[in-house]
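Residue numbers (numbering that gives the first Met the number 0), protein chains in the order written: chain A, 0 to 372; chain B, 0 to 372; chain C, 0 to 372; chain D, 0 to 372.
Quick reminder that beta carbons are idealized off the backbone N, C-alpha and C, glycines included.
Structure first, commentary second.
4 protein chains.
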Amino acid sequence: MKNIFGNSLTVTLFGESHGPAIGAVLDGLAPGIKIDEDYINSKLDQRRPVDKISTPRKEADMPEIISGVFNGYTTGTPLCLIIKNENVKSGDYDSISRLARPSHADLTARYKYGGFEDYRGGGHFSGRITAALVAAGSIARKALEDKDIFIGTHISECAGIRDKGFADLYTDIAEVNEKGFPVLDDQAASAIRAAMEAAASEGDSVGGILETAVTGMPCGIGEPWFDTVESMLAHGIFAIPAVKGIEFGAGFDICRMKGSQANDAMRYEDGKVVTVTNNSGGINGGITNGMPVVFRTAIKPTPSIFKAQETVDLLKGENAVLELKGRHDPAIIHRARAVVDAVTALVLADLLTMRFGTDYLKTEEQSNTGEHI
Amino acid sequence: MKNIFGNSLTVTLFGESHGPAIGAVLDGLAPGIKIDEDYINSKLDQRRPVDKISTPRKEADMPEIISGVFNGYTTGTPLCLIIKNENVKSGDYDSISRLARPSHADLTARYKYGGFEDYRGGGHFSGRITAALVAAGSIARKALEDKDIFIGTHISECAGIRDKGFADLYTDIAEVNEKGFPVLDDQAASAIRAAMEAAASEGDSVGGILETAVTGMPCGIGEPWFDTVESMLAHGIFAIPAVKGIEFGAGFDICRMKGSQANDAMRYEDGKVVTVTNNSGGINGGITNGMPVVFRTAIKPTPSIFKAQETVDLLKGENAVLELKGRHDPAIIHRARAVVDAVTALVLADLLTMRFGTDYLKTEEQSNTGEHI
Amino acid sequence: MKNIFGNSLTVTLFGESHGPAIGAVLDGLAPGIKIDEDYINSKLDQRRPVDKISTPRKEADMPEIISGVFNGYTTGTPLCLIIKNENVKSGDYDSISRLARPSHADLTARYKYGGFEDYRGGGHFSGRITAALVAAGSIARKALEDKDIFIGTHISECAGIRDKGFADLYTDIAEVNEKGFPVLDDQAASAIRAAMEAAASEGDSVGGILETAVTGMPCGIGEPWFDTVESMLAHGIFAIPAVKGIEFGAGFDICRMKGSQANDAMRYEDGKVVTVTNNSGGINGGITNGMPVVFRTAIKPTPSIFKAQETVDLLKGENAVLELKGRHDPAIIHRARAVVDAVTALVLADLLTMRFGTDYLKTEEQSNTGEHI
Amino acid sequence: MKNIFGNSLTVTLFGESHGPAIGAVLDGLAPGIKIDEDYINSKLDQRRPVDKISTPRKEADMPEIISGVFNGYTTGTPLCLIIKNENVKSGDYDSISRLARPSHADLTARYKYGGFEDYRGGGHFSGRITAALVAAGSIARKALEDKDIFIGTHISECAGIRDKGFADLYTDIAEVNEKGFPVLDDQAASAIRAAMEAAASEGDSVGGILETAVTGMPCGIGEPWFDTVESMLAHGIFAIPAVKGIEFGAGFDICRMKGSQANDAMRYEDGKVVTVTNNSGGINGGITNGMPVVFRTAIKPTPSIFKAQETVDLLKGENAVLELKGRHDPAIIHRARAVVDAVTALVLADLLTMRFGTDYLKTEEQSNTGEHI
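Structural data, given as structure tokens:
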């Protein structure tokens, strides 16, 4: 389905970096979800560049909701939001428009779209499109929170520096969601910031690993064989630019365990089945088991760097050297967490809607207009 | 998929009559389709109200394409177009907002959306949304024309008055596409207009039957069992408000024939297989057979009339009488033809893309940017 | 999606008339639906040929359920059923295999599948495939009945002879579902049978119109704009071979009414909103309004007739005359009603599942295995 | 879509471990793909248990193709294959049927299906279902090979022992596809087998990492944003039981690189753009770049072990100890490679069909039946 994702709740993405606007359509949202603009903006803030370690291209990036909301609540009809593109310096890109940027989509876009693609600023492949994803996802995410389902993501590792792990998830998720720079341990945060700035000063970039946890997911969610929680989350997460890996629970490390170590023993606690360990990441057979859903996402270093790079000149058909100018992020991992959270919210909202019907995410039972029928 | 339709080429509709904007997203369009704004506008003109027999709410209704087009050609990425809502007199609707309009979606929308729906002017159910459908469809339609696939629709019958039938399809389709009022026979046209005006003067409305023909469709198009030409066209056409029936080829009349009359004899003509009659409407087993695709669509009389109507007051929970004020169409059939044409174009473009791949509808082989790879 | 139909509950059809088996997969069925084999067989009986007026090819046609059922209840995992092909006289077809049968899919299948199709007995286009559809549909239909949603179809018109209309739907639906020959009026039934036999004796065939009604549908079902009750039913019904038209409520006749006649006045009755007339066929804006859903389907005369027909010899590339031998139905309309009922059940079950979640159609709350968690 | 996966080419899975049969439907396959039964069986052999290190449940596991093939070629209509279940010892499972097996889907299936699931042998969650996936995938895979697209998977690591890496992909892929035990280095193979047998003797199990490479993929394949090569492969691969992670190209290791190390420099070679390194795994922006597609899959240790495990008795609602009897695999990684290969083939075939149309995978242009039209 190309630019559409989901089953019962779908998100459609559109837009190019230097076109008139980017945006998203959510179709299948329950009616009666309260729209909290401050909440949406707080999530967009987490995606916005911060000080020295991010690109100074600053935009209002304020989404306009142009359909699907009435008197402050979703109507149940498609919600379209757009974010206009402003403050665009296309000139920065003109000089390099014929040199394919290594590990960007410049070359593959040309293969696929035959030279008709809008190449300016990466066009439809720009990380900028994720602003629409964050705005859309935050609507679903707020509805999940109103059902006590909470999502949080921290930088588990960056430039070789590790954050402490999630411990008490309820407080850790709350804490990381308050932070502009999503690292639990303050010393690790400082070290990671320093590493990012050091990379920036060399014209280079760094990557890292995001760890996401979700609490409060009902048991029995996921649609095997193919639309399992893992399959759907992986599908959505890999749509985010710069993602090169995903692992659930103990992930790749589980491969080095014996079965007797890897298996999560079960027991009753307060009449509920819990597991002693959570190597499964809250998912068995693709279905939630009531434990927190936990996964990690590998984010590659920002491919836009300021060192000379060997590449090809697509116009001249010859080898060339690319020296990027302009201002770019030496790291995007701290901004990417908002996107991972948003995609997670959309996937879980979709699976819950499929399971429980189109009204499940409603936050208000009270009719908007007062009629009772 | 609710507000999304199609397989390889999908259209997503959004918007409410009195919200900020309506619009559509096309996903799966080939790159390299030339955007002809005059063409798009000419199709929107056919949907616009005309003089006495249509509602005087006049809007620019000019679509803005906010993504998916670069240097005048589609990019192959999602094309989003929006049409802003202006000139909205919400006041006209406030006084009746609690009285469900008979044979409108007011009541059913409340059942489905629980009172959160935007009821103003029919909200998401307004015929106005079809402007976005016409704009989107006309992009696909122009690409089809560049492949010698032509679509035309005339009013076959209205208020008991019949137009002459399609005869030479190539000239008739061209002719009807030039006409603002889509009736082939000029006397019939005058009579139908007169009937519409008479209905208007009584505060009443009329309906009719649209007949659509498509020439030039390649053989072998359609995806049985379920995504046949008939199933997909019917699916799309019934999404248009006011449609209550569809029939292909000889349609309901074929039920009164014997098999020996109904069957279309075949023979070779210029090395190509043709049928002597076209009772099948160009489709056998759901797949095109090379003959013109022909179908008829039943359009009910506009449900907004100015006579007193029994209905219910949804707030008070009691019976009531509705007397509509304001200005409405005594007929929409002449405007609906643009919508039927648009949906037809979208369905055929989808089936052709599925069959021949994502580049099939390209109108230019020449790269937009000059690169060759 | 080609041979897959539905959103939350999908049906996948497979098989060729003279291959090893035909069958269907239902994906998205609730767990806990009781499987009633007698019920399924009673519906298959309605599709089976009857005496003189149908083809004598008699088969057990007993479906085997090979997955998705355990201890007599659906498991919630995909239910696959197959019906083996037996008693196949391929020889009957060999002599005509190069002559395309008029108004069959022989020619279009060759266009689409390039000569790789299994042409024997119409292959994948054979009406025989509908046996799998009836079996699958009857599982959904029984679950709907357990929720007091009843579907019934009668021959409204055949060979120019009209049945009386539906009057008291609850008793009429029950009555027609008991009948092997689905005509309400016994005199009309005799006349229609006689007309079918007369056509058979001439080597000819007749068609007709089926009228379907559904009682008990909850209000607010349907997913505008595109997956409305009308769009989804039309999509499914046009997948049935021989269907050339569909109309809802007053259908094509509504086009000749004024708005003041066509509109369904509303009023409260026992605290529920009802309409005085049902020209809308129980659907407004594509959503159920609580009145019975009513539609009519145009079934063309069986294209297999025994009169000489002009056609083409696809091997020799020349015109030819086809004289069919063997035994075929002079009418399929009486058998087609079981298929229309089945498709209707599948579409409504899908829309209800989308609306209310994956457990909605469950007929038993009691766990199959006794565990409580 | 639950048990259906893909866009233009879909696979539907059905069946339970101890039900009558398992199977798959492929919809959207090109007509004219030659069916090579020896090839299919050779792939099923790779999934079959081997000697001491796998469960002795041996079955013919021979798939029967019951539709969609005629005279040895695909017809273009849905291909259904079934594998009957034989040699089933349900008794083995009865005694444990109320004890949820840790890190299996027993508990989550009960949450989701409410106790109606077929729990015998894991029911629909059994790894046995993958036999149908392998059979279906091998049909697509053979068609890809006929277009010079080759897929190969080896055990990159198991029980802490590492195989050598892929070097010359063309010969390595050919070599590993010939091997019953997919390890390139013979010494590593022996060590891994020994580790598996050691785990078996302790009643324990081991996991590992599979590395997959694909050569020959055309450039420009993948459908951003959501149906990219990475998203679609991840979606499909996570449907395989026991998978807990996936990474593309340099994967999680890329997170520790600087951008200047991670980026793949580009240059022309023989008029074609190549990259000097392949940290991107052949994919940029979700689209193939012409380099080999490379990914790694984390396979957890088989959860069925013979050591005592703490778990819950779902009937009694109390804690319990599970001591499995019977015979199980101490490792499934060597068998899982056939499943990973099959899913990879299905995903790539789907993306290629979407891109180039429904006839792309055809292996024969020659009509099956001889007609030319």
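Hey, could you find the ends of the beta strand (DSSP E) residue 246 of chain D is sitting in?
For residue 246 of chain D, the enclosing beta strand (DSSP E) begins and ends at 242-247.
Can you tell which of C:205, C:218 and C:16 has its C-alpha closest to the C-alpha of residue 109 of chain B?
Shortest Cα-Cα distance from residue 109 of chain B to any of C:205, C:218 and C:16 involves C:218.
Using a cut-off of 7 angstroms between C-beta atoms, extract the partners of residue 255 of chain B located in chain G.
The structure shown contains no chain G; its protein chains are A, B, C and D.
Which residues, in order along the segment 200-234 of chain C, keep a beta-carbon less than 9 angstroms from a beta-carbon of chain D?
Correct list: empty, as no residue qualifies.
With a threshold of 8 angstroms between beta carbons, is residue 65 of chain D in contact with chain C?
True, the Cβ-Cβ gap to chain C drops below 8 angstroms.
Tell me, to the nearest whole angstrom, how far the beta carbon of residue 39 of chain B is from that of residue 138 of chain B; I am working on the premise that it is less than 8 angstroms.
Contact flag correct, Cβ pair sits at about 7 angstroms.
Mapping the DSSP letters down to three states, classify residue 228 of chain C as helix, strand or coil.
DSSP places residue 228 of chain C in helix when its eight states are reduced to three.
Hey, residue 357 of chain D and residue 31 of chain D are a contact pair by Cβ (cut 8 angstroms); roughly how many whole angstroms apart?
Under the criterion of beta carbons closer than 8 angstroms, residue 357 of chain D and residue 31 of chain D do not qualify as touching, at roughly 11 angstroms.
Leaving aside the five residues before and after residue 127 of chain B along the sequence, list all residues of the same chain whose C-beta is less than 6 angstroms from its C-beta, in chain order.
Sequence-distant Cβ neighbours of residue 127 of chain B in its own chain, meaning closer than 6 angstroms and more than five residues away, are 16.
Output the boundary residues of the alpha helix (DSSP H) element that contains residue 175 of chain B.
Judged by DSSP secondary structure, residue 175 of chain B falls within the alpha helix (DSSP H) whose first and last residues are 168-177.
Extent of the continuous alpha helix (DSSP H) run through residue 345 of chain A
332-355 is the span of the alpha helix (DSSP H), which, as asked, contains residue 345 of chain A.
The segment 99-117 of chain A: which residues have C-beta closer than 9 angstroms to a C-beta of chain D, in chain order?
Residues 99, 100, 101, 102, 103, 104, 105, 106, 107, 108, 109, 110, 111, 112 and 113.
Tell me which residues share the same chain as residue 289 of chain D and place their Cβ nearer than 6 angstroms to its Cβ, disregarding the 5 neighbours each side in the sequence.
The answer, listed in chain order, is 218.
For residue 84 of chain B and residue 301 of chain B, what's the separation of their Cα atoms in angstroms?
Going from the Cα of residue 84 of chain B to the Cα of residue 301 of chain B covers about 22 angstroms.
So, residue 173 of chain B versus residue 182 of chain B, is the Cβ gap smaller than 8 angstroms?
Not in contact: residue 173 of chain B and residue 182 of chain B (Cβ atoms no closer than 8 angstroms).
DSSP-derived helix/strand/coil call for residue 305 of chain D:
Annotated three-state conformation of residue 305 of chain D is coil, per DSSP.
Beta-bridge pairing of residue 297 of chain C - partner residues as DSSP gives them
Partner(s): C:208 and C:244.
8 angstroms contact criterion, which residue 82 of chain D and residue 20 of chain D should meet: CB distance rounded:
Indeed, because the Cβ distance is near 6 angstroms, the residues count as touching under 8 angstroms.
Just the chain C side, please: which residues come within less than 8 angstroms of residue 42 of chain B by C-beta, in chain order?
Per Cβ cutoff of 8 angstroms: no residues; residue 42 of chain B is ~19 angstroms from chain C at best.
State the CB to CB distance for the pair residue 105 of chain D and residue 18 of chain D, rounded to an integer number of angstroms; the pair is presumed to be in contact (CB under 8 angstroms).
The pair is not a contact, with the Cβ atoms about 17 angstroms apart (cut-off 8 angstroms).
One or two residues paired with residue 20 of chain B in a DSSP bridge
Bridge partners of residue 20 of chain B: B:83.
Should residue 4 of chain B go down as buried or exposed, given a rule of 16 or more other Cβ atoms within 10 Å for buried?
Residue 4 of chain B should be labelled buried.
Counted within 10 angstroms of its Cβ, other Cβ atoms place residue 175 of chain D as buried (16 or more) or exposed
Label assigned to residue 175 of chain D: buried.
Using the beta-carbon of each residue, which ones in chain D are nearer than 7 angstroms to residue 356 of chain B?
Neighbours of residue 356 of chain B in chain D, taken as residues whose beta carbon is under 7 angstroms from its own, are 354, 355 and 356 in chain order.
So is residue 360 of chain A in contact with chain D if we call contact Cβ pairs under 8 angstroms?
Taking Cβ atoms only, chain D never reaches closer than 8 angstroms to residue 360 of chain A, which makes this a no.
Is the CB of residue 7 of chain B under 8 angstroms away from at least one CB in chain D?
Flagged as an interface residue toward chain D: residue 7 of chain B, by a C-beta distance shorter than 8 angstroms.
Tell me whether residue 234 of chain D sits in a helix, a strand or coil according to DSSP, three-state version.
Note: residue 234 of chain D maps to helix in three-state DSSP.
Please identify the residue among B:298, B:168, B:199 and B:165 whose C-alpha is closest to the C-alpha of residue 239 of chain B.
Of the candidates B:298, B:168, B:199 and B:165, B:298 places its Cα closest to the Cα of residue 239 of chain B.
Can you name the residues of chain C whose CB is closer than 9 angstroms to the CB of residue 31 of chain D?
Going along chain C in sequence order, the residues near residue 31 of chain D (Cβ under 9 angstroms) are 112, 113, 114 and 115.
Check whether the Cβ of residue 35 of chain C lies closer than 8 angstroms to any Cβ atom in chain B.
The beta-carbon of residue 35 of chain C is placed no less than 8 angstroms from the nearest beta-carbon of chain B.
Roughly how many whole angstroms lie between the Cα atoms of residue 296 of chain A and residue 353 of chain A?
Their backbone Cα atoms lie some 25 angstroms apart in a straight line.
Kindly indicate if chain A contains any beta-carbon less than 8 angstroms away from that of residue 4 of chain B.
Closer than 8 angstroms: no.
Which residues, in order along the segment 256-278 of chain D, keep a beta-carbon less than 9 angstroms from a beta-carbon of chain A?
If the cut-off is 9 angstroms between Cβ atoms, the segment 256-278 of chain D has 256, 257, 258, 259, 260, 261, 262, 263, 264, 265, 266, 267, 270, 272, 274, 275 and 278 near chain A.
Could you tell me if residue 270 of chain A is buried or exposed, where buried requires 16 or more neighbouring beta carbons within 10 angstroms of its beta carbon?
Its Cβ having fewer than 16 others within 10 Å, residue 270 of chain A is exposed.
Starting from residue 151 of chain B and walking both ways along the beta strand (DSSP E), at which residues does that stretch end?
For residue 151 of chain B, the enclosing beta strand (DSSP E) has its first and last residue at 149-157.
Could you name the residues of chain D that residue 196 of chain A contacts, counting a contact when the two beta carbons are closer than 8 angstroms?
Near residue 196 of chain A there are no residues of chain D at all, since even the closest Cβ is about 14 angstroms away, more than 8 angstroms.
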